[in-house]
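Mapped onto this note's numbering, the consecutive letters of the sequence shown carry residue numbers 1459 to 1782.
Single-structure report; data block below.
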Amino acid sequence: MSAPLRPRPAAPHGPAASRDRAVPGAPVAPRLLTVGVIGAGRVGAVLGAALTAAGHRVVAVAGDSSASRARLALLLPEVPRRPAAAVAHAAADLLLIAVPDDALAGVVADLADRGALRPGQVVAHTSGAHGLAVLAPAAEVGARPLALHPAMTFTGTPDDLTRLPGISYGVTAPAELRPLAARLVADLGGVPEWVAESDRPLYHAALAHGANHLVTLVNEAADRLRDAGVDRPEKVLAPLLRAALENALRLGDDALTGPVSRGDAGTVARHLARLASTAPESVPAYLALARRTADRAIAAGRLRPVDAQSLLGVLADNGREVAA
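Next up, the structure:
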């Protein structure tokens, strides 16, 4: 069980924090923020608890599902649940909206239409895919928009709080709000990565491609090991995948190993034949990743084009079979 949360003093402000100012005359964050959270999913509940631990006052939260109520009982047991509009009214300094990407625009527009937002209030969302444009209805009534996305996967449990120190936050903010954004990220124990509005979709695609698709890939590998008679695939995969991830992060494409990087067309052909008979649903993903691996291996000089010809032929032939 995780250790109980202990509030810590908020980051310095005033003259001592002047070095954090990105723009002369920018507003300085108050020492203690009054915060409301809309969305008690895995991200909202955890960030609310982290802000509380940093010394801020989370005064209301919106979340109606049974799963949300369970998370709040675990992470924010003393914070009252309220309707979204009431949470927005109570959030004197910061309203944190942590709802699914496709629901975000509707939530913001509804709050603005209801008169629940006010001038000067910071309205932040945690979506990686969206920037500031989705907060336009809030900005139109004088609220200050902020996109604040934690680059981390969440379980919605206290264990997440131990993973927050040192993570990056994809931040998009108006210039005058950058000092406050940097202060919030620091209070959460993180590091800001300033992402341009136009780059938010690419930023989020990169994270989803790396993290979400990794989960799918690992589970695919585990399923195929079970098909091969391995009782505990996680035991086989854990040291291999940890080493592969560490090497990839440290060495880039120089970490590539295996039959594709060697141009072993015969081995790859046998892989595809057995997959086609055992788990045909895995063949398209294997082909796509093998082709991209070959491209990167060639570009990195790990695989000579002349040695790749037979391999690329196998991949092309199997690709045509799948398409047919």
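Positions of the beta carbon are idealized from the N, C-alpha and C atoms, including for glycine.
Stretch-stretch touch, CB-based, cutoff 8 Å, three pairs: the stretch 1547-1561 with the stretch 1575-1589: yes
Where R1708 falls, given that 16 or more other Cβ within 10 Å makes a residue buried: Translated into positions along the sequence shown, residue 1708 becomes position 250. Classification of R1708: exposed, given that the 10 Å Cβ count is below 16.
CA-to-CA distance, A1563 to P1608, given in whole angstroms: On the sequence shown, position 150 is the one that residue 1608 refers to. On the sequence shown, position 105 is the one that residue 1563 refers to. Using only the alpha carbons, I get a separation of about 19 Å.
Stretch-stretch touch, CB-based, cutoff 8 Å, three pairs: the stretch 1634-1649 with the stretch 1557-1573: no
Sub-8 Å separation of L1530 and V1519 beta-carbons: Taking the sequence shown and counting its residues from 1, one reaches residue 1530 at position 72. Taking the sequence shown and counting its residues from 1, one reaches residue 1519 at position 61. A contact, by the Cβ cut-off of 8 Å.
CB-CB length for P1717 against V1726, believed under 8 Å: For the purposes of this step, residue 1717 is taken as residue 259 along the sequence shown, with counting starting at 1. For the purposes of this step, residue 1726 is taken as residue 268 along the sequence shown, with counting starting at 1. Contact flag correct, Cβ pair sits at about 5 Å.
C-alpha distance - L1730 paired with L1703, whole-angstrom precision: Within the sequence shown, residue 1730 is the residue found at index 272, counting from 1. Within the sequence shown, residue 1703 is the residue found at index 245, counting from 1. Spanning the two alpha carbons is a distance of roughly 24 Å.
Per DSSP, cross-strand counterpart(s) of H1583: Position 125 of the sequence shown, counted from the start, is the residue given in the question as residue 1583. BP columns for H1583 point to I1555 and A1605.
Limits of the unbroken beta strand (DSSP E) element including P1650: Stepping through the sequence shown from its first residue, residue 1650 is reached at position 192. P1650 -> beta strand (DSSP E) spans V1649 to W1652.
Reference D1765; option with closest CA among N1776, D1775 and D1753: Within the sequence shown, numbered from 1, the residue matching residue 1765 stands at position 307. Nearest C-alpha to D1765: D1753.
Inter-stretch contact (C-beta, 8 Å, three-pair minimum) for the stretch 1621-1628 and the stretch 1642-1659: yes
Where the beta strand (DSSP E) containing G1494 begins and where it ends: As a working mapping, residue 1494 is identified with position 36 in the sequence shown. Per DSSP, G1494 belongs to the beta strand (DSSP E) from T1492 to I1496.
Residue range of the beta strand (DSSP E) that includes R1708: For the purposes of this step, residue 1708 is identified with residue 250 of the sequence shown, where counting begins at 1. That residue, R1708, is in no beta strand (DSSP E); its alpha helix (DSSP H) goes P1691 to L1709.
Near the ligand PLP: A1680 beta-carbon under 7 Å from a heavy atom: Among the components modelled here there is no ligand, and therefore nothing to report on the ligand PLP.
Under 8 Å between C-beta atoms of V1780 and V1741: The residue given as residue 1780 occupies position 322 in the sequence shown. The residue given as residue 1741 occupies position 283 in the sequence shown. For V1780 and V1741, yes; Cβs fall inside 8 Å.
Assigned secondary structure, T1630 (DSSP; H/G/I helix, E/B strand, else coil): Here residue 1630 is taken as the residue at index 172 of the sequence shown, counted from 1. Three-state DSSP puts T1630 in a strand.
Close-in-space but distant-in-sequence residues of the same chain around A1480 (CB under 7 Å, 5 per side omitted): Along the sequence shown, read from residue 1 onward, the residue named residue 1480 stands at position 22. Because A1480 carries a pLDDT of 40, less than 50, the predicted location of this residue cannot be relied on, and no value is offered for it.
Extent of the continuous alpha helix (DSSP H) run through R1750: The residue given as residue 1750 occupies position 292 in the sequence shown. Here the alpha helix (DSSP H) through R1750 covers V1741 to A1757.
Neighbourhood of A1542 by C-beta, 6 Å cutoff - its chain only, sequence neighbours within 5 removed: In the sequence shown, the residue the question calls residue 1542 occupies position 84. For A1542, where only same-chain residues beyond five positions count, the Cβ hits under 6 Å are I1496 and A1520.
Opposing strand residues paired with V1519 [DSSP bridges]: Walking along the sequence shown from the start, residue 1519 turns up at place 61. Paired residue(s): V1495 and R1539.
Coil, strand or helix - V1688 by DSSP: On the sequence shown, residue 1688 is found 230 positions in, with the first residue counted as 1. Coil.
Distance CB(T1630)-CB(V1653) smaller than 8 Å: Residue numbering aside, residue 1630 sits at position 172 when the sequence shown is read from its first letter. Residue numbering aside, residue 1653 sits at position 195 when the sequence shown is read from its first letter. It is a contact, given that the beta carbons lie within the stated cut-off.
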